[in-house]
Amino acid sequence: MMRVLFVTSECFPLIKTGGLADVSAALPLALTERGVDVRMLLPGYPAVIDGLDGRRVVRTLSGLPGGKSGRLIVGQLANGVTAYAIEQPELFERPGNPYLAPGGADWADNDVRFGTLGWVAAEFAHTGSSHQWQPDILHGHDWQAGLMPAYVAFQGGRRPGTVMTVHNIAYQGQFSPHTLSALQLPAHSFQMEGVEYYGGIGFLKAGLYYADRLTTVSPTYAREIQSPAYGCGLEGLLAHRTDHLEGILNGVDYGIWNPSTDPHLTSAFSPDRLDAKVANKAALQAEFGLEPRLDAPLFALISRLTWHKGADLLVESLPTLFARGGQLVVLGTGDKSLEAALLRVAGSHPQVAGVHIGYDEALAHRIQAGADVLMVPSRAEPCGLTQLYAMRYGTLPLVRRTGGLEDTVIDATPAALADGCATGFAFDEPTPGALTWTVRRAIDLFQDRPRWQRIQRHAMARDFGWEASAQAYADLYRRLRPGC
Ligand code: ADP
Ligand code: GLC
Numbered sequence: 083m084m085r086v087l088f089v090t091s092e093c094f095p096l097i098k099t100g101g102l103a104d105v106s107a108a109l110p111l112a113l114t115e116r117g118v119d120v121r122m123l124l125p126g127y128p129a130v131i132d133g134l135d136g137r138r139v140v141r142t143l144s145g146l147p148g149g150k151s152g153r154l155i156v157g158q159l160a161n162g163v164t165a166y167a168i169e170q171p172e173l174f175e176r177p178g179n180p181y182l183a184p185g186g187a188d189w190a191d192n193d194v195r196f197g198t199l200g201w202v203a204a205e206f207a208h209t210g211s212s213h214q215w216q217p218d219i220l221h222g223h224d225w226q227a228g229l230m231p232a233y234v235a236f237q238g239g240r241r242p243g244t245v246m247t248v249h250n251i252a253y254q255g256q257f258s259p260h261t262l263s264a265l266q267l268p269a270h271s272f273q274m275e276g277v278e279y280y281g282g283i284g285f286l287k288a289g290l291y292y293a294d295r296l297t298t299v300s301p302t303y304a305r306e307i308q309s310p311a312y313g314c315g316l317e318g319l320l321a322h323r324t325d326h327l328e329g330i331l332n333g334v335d336y337g338i339w340n341p342s343t344d345p346h347l348t349s350a351f352s353p354d355r356l357d358a359k360v361a362n363k364a365a366l367q368a369e370f371g372l373e374p375r376l377d378a379p380l381f382a383l384i385s386r387l388t389w390h391k392g393a394d395l396l397v398e399s400l401p402t403l404f405a406r407g408g409q410l411v412v413l414g415t416g417d418k419s420l421e422a423a424l425l426r427v428a429g430s431h432p433q434v435a436g437v438h439i440g441y442d443e444a445l446a447h448r449i450q451a452g453a454d455v456l457m458v459p460s461r462a463e464p465c466g467l468t469q470l471y472a473m474r475y476g477t478l479p480l481v482r483r484t485g486g487l488e489d490t491v492i493d494a495t496p497a498a499l500a501d502g503c504a505t506g507f508a509f510d511e512p513t514p515g516a517l518t519w520t521v522r523r524a525i526d527l528f529q530d531r532p533r534w535q536r537i538q539r540h541a542m543a544r545d546f547g548w549e550a551s552a553q554a555y556a557d558l559y560r561r562l563r564p565g566c
């Protein structure tokens with residue numbers, strides 16, 4: 083049986099800052115169901131170590147980057163997948179956000195912290211754990227795992243296949259060159275044909291350079307990141323490696339995101355019981371102190387608040403949205419100026435706008451269930467999961483046509499409406515004008531209840547489960563290691 087080690091820095095429900103955690107939880111399970119033996123390697127944050135069922139020490143780890151030592155712990159995730167954690171208290175025993183110190187700045191030693199993740203992954207494949215589970219493939223996710231393929235490239239002996247998945251090219255893990263030796267990278271690797279990137283050590287760059295195969299999380303994003311507009315400086319390398327780069331769309335864990343079984347909702351609903359969705363809308367309006375008007379189209383945003391996610395565009399569209407009778411709820415955290423701008427809107431329009439700054443998993447479910455439209459006005463979006471969750475909850479996504487948003491949402495154009503294939507709304511230019519125009523289209527269509535409900539039912543019936551995507555990863559592994 084093919085053995086794959088997932089090297090990742092997040093996994094729902096133990097540690098999550100975004101979609102990577104959802105993917106790290108769901109994809110291994112879907113692969114397991116396809117006959118791939120997947121295990122995980124995670125940094126030993128307190129939440130990870132505490133969350134591993136039946137945990138025990140596998141072995142000690144010595145000679146880690148920075149001259150540290152630690153222990154490899156193994157246990158079971160709640161979904162039954164086996165996970166290893168690197169117990170190294172100096173590096174990982176820090177509660178809260180895995181990347182940021184309490185003040186909001188990156189932890190100063192993130193290079194050693196995540197270099198250690200890559201280092202242990204490579205060493206793991208080389209020597210195996212004490213019970214002899216040796217991966218055939220190391221599958222790293224994002225910059226945090228970026229040094230893994232580099233370490234593998236410099237190892238002698240048995241060499242596993244390496245795959246790197248880019249979940250977001252905007253986060254690259256760029257560090258000072260001075261830690262090269264602490265990271266145990268050979269001096270000769272510090273060059274363009276190696277780990278060097280703009281005079282520093284580029285973790286993601288290293289991963290993209292050394293891994294056998296590269297993937298990203300939607301076909302459109304795979305094309306986009308080979309261009310200067312989206313590649314964030316890595317477009318040249320990616321274009322060079324185009325034959326080894328593939329876009330595989332993320333899926334949804336419908337065990338967790340299912341409006342007929344979701345424990346967080348006021349009222350369960352399904353395409354056959356769509357009327358029951360309104361109780362969730364009423365509850366959401368009450369929770370945010372909005373006017374209890376079921377006839378008001380309720381727009382929502384659930385997002386990390388960063389420039390890429392386009393919350394600033396949304397703010398500019400709000401005068402039109404409110405003037406046309408719409409309401410808004412926001413759940414998000416991130417950039418302080420975006421948080422402040424959204425709070426100002428809520429302060430000046432308390433009856434039609436409510437903003438919750440923070441991270442709240444249960445509230446995210448309640449908003450998906452209660453809203454009419456979920457806005458994802460991203461300037462770039464590798465895949466995006468919230469628009470997929472929204473569709474299952476009969477909440478029509480309103481998205482910018484980019485990356486995975488382009489691959490998953492069908493705009494309600496006259497032709498799509500006539501065909502019955504529309505699932506939401508999409509606009510092209512990342513400008514307030516284009517977004518505002520699309521908000522107007524959504525509000526107009528909302529008045530046509532029978533037509534709106536037809537789109538809702540169609541959106542709810544779309545299947546974005548993991549089956550096809552997990553198969554695509556399994557095929558990729560088998561092409562890389564045909565004998566396994
Ligand atoms: P990204 O990974 O870029 O943040 P995705 O759409 O892929 O975007 O995934 C975002 C995930 O994080 C979803 O599961 C979404 O529900 C969740 N999320 C984002 N912001 C919040 C928040 N403030 N509170 C709760 N969940 C959130
Ligand atoms: C990243 C991307 C998001 C994607 C998620 C999971 O955080 O920003 O678009 O859905 O990873 O792959």
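Take the sequence shown: its letter number 114 is residue 196 in this note's numbering, and every next letter is one higher.
From the three backbone atoms N, C-alpha and C, an ideal C-beta is built for every residue, glycine too.
Heavy atom of the ligand ADP within 8 angstroms of residue i beta-carbon
{"i": "G337", "result": "no"}
{"i": "K287", "result": "no"}
{"i": "A550", "result": "no"}
{"i": "K98", "result": "yes"}
{"i": "I384", "result": "yes"}
Continuous beta strand (DSSP E) stretch holding residue i: start and end
{"i": "I384", "result": "L380 to L387"}
{"i": "F88", "result": "R85 to V89"}
{"i": "H223", "result": "I219 to H223"}
{"i": "R426", "result": "Careful: R426 lies outside any beta strand (DSSP E), inside the alpha helix (DSSP H) at K418 to S430."}
{"i": "T247", "result": "G243 to V248"}
{"i": "E328", "result": "L327 to G329"}
Distance between beta carbons of residue j and residue i, contact taken as under 8 angstroms
{"i": "Y303", "j": "G506", "result": "Contact flag wrong, Cβ pair sits at about 18 angstroms."}
{"i": "L356", "j": "G476", "result": "6 angstroms"}
{"i": "L383", "j": "M457", "result": "5 angstroms"}
{"i": "S551", "j": "G337", "result": "Not quite, the Cβ-Cβ distance comes to about 16 angstroms (not below 8 angstroms), so this is no contact."}
{"i": "G436", "j": "V411", "result": "5 angstroms"}
{"i": "V120", "j": "G222", "result": "Incorrect: roughly 13 angstroms between the Cβ atoms, too far for contact."}
Simplified DSSP state of residue i, which is helix, strand or coil
{"i": "G238", "result": "coil"}
{"i": "F509", "result": "strand"}
{"i": "S551", "result": "helix"}
{"i": "T343", "result": "coil"}
{"i": "M542", "result": "helix"}
{"i": "M473", "result": "helix"}
{"i": "D135", "result": "strand"}
{"i": "P479", "result": "strand"}
{"i": "I439", "result": "strand"}
{"i": "E92", "result": "coil"}
{"i": "T261", "result": "helix"}
When the options are compared against residue i, the one with the closest alpha-carbon
{"i": "L420", "options": "A516, P432 and G392", "result": "G392"}
{"i": "P310", "options": "I251, G255, Q273 and Q367", "result": "I251"}
{"i": "I131", "options": "G145, E169, F94 and R141", "result": "E169"}
{"i": "A116", "options": "A554, R483 and P231", "result": "The amino acid at residue 116 is misidentified as Ala; the sequence shows Arg. Among A554, R483 and P231, the Cα nearest to that of R116 belongs to A554."}
{"i": "M570", "options": "L220, A293, G186 and D501", "result": "The question about residue 570 has no answer, for the chain in this structure spans 83 to 566."}
{"i": "W548", "options": "L331, L517 and L499", "result": "L331"}
{"i": "G416", "options": "A552, H390 and G228", "result": "H390"}
{"i": "T247", "options": "G284, G565 and G289", "result": "G289"}
{"i": "L319", "options": "L480, M274, G101 and G333", "result": "M274"}
{"i": "G101", "options": "L467, A516, V491 and Q538", "result": "L467"}
{"i": "T99", "options": "V140, H249 and L395", "result": "H249"}
{"i": "V118", "options": "L366, D489, P217 and G145", "result": "P217"}
{"i": "T348", "options": "R522, D493, K363 and D442", "result": "K363"}
{"i": "L154", "options": "H260, T142 and G162", "result": "T142"}
{"i": "L470", "options": "P479, L517, L395 and G565", "result": "P479"}
{"i": "I449", "options": "M473, P128 and P459", "result": "M473"}
Element boundaries [alpha helix (DSSP H), containing residue i]
{"i": "S309", "result": "Element bounds for S309: n/a, residue is neither H nor E."}
{"i": "R523", "result": "P514 to F528"}
{"i": "P496", "result": "P496 to D501"}
{"i": "P171", "result": "P171 to F174"}
{"i": "L372", "result": "First-last for L372: undefined, no H or E at that position."}
{"i": "L113", "result": "G101 to T114"}
{"i": "T490", "result": "G485 to T490"}
{"i": "P401", "result": "A393 to A405"}
Residue i Cβ short of 8 angstroms to the ligand GLC heavy atom set
{"i": "G101", "result": "yes"}
{"i": "L467", "result": "yes"}
{"i": "E463", "result": "yes"}
{"i": "G416", "result": "no"}
{"i": "H249", "result": "yes"}
{"i": "N332", "result": "yes"}
{"i": "G486", "result": "yes"}
{"i": "V437", "result": "no"}
{"i": "D545", "result": "no"}
{"i": "V299", "result": "yes"}
{"i": "D104", "result": "yes"}
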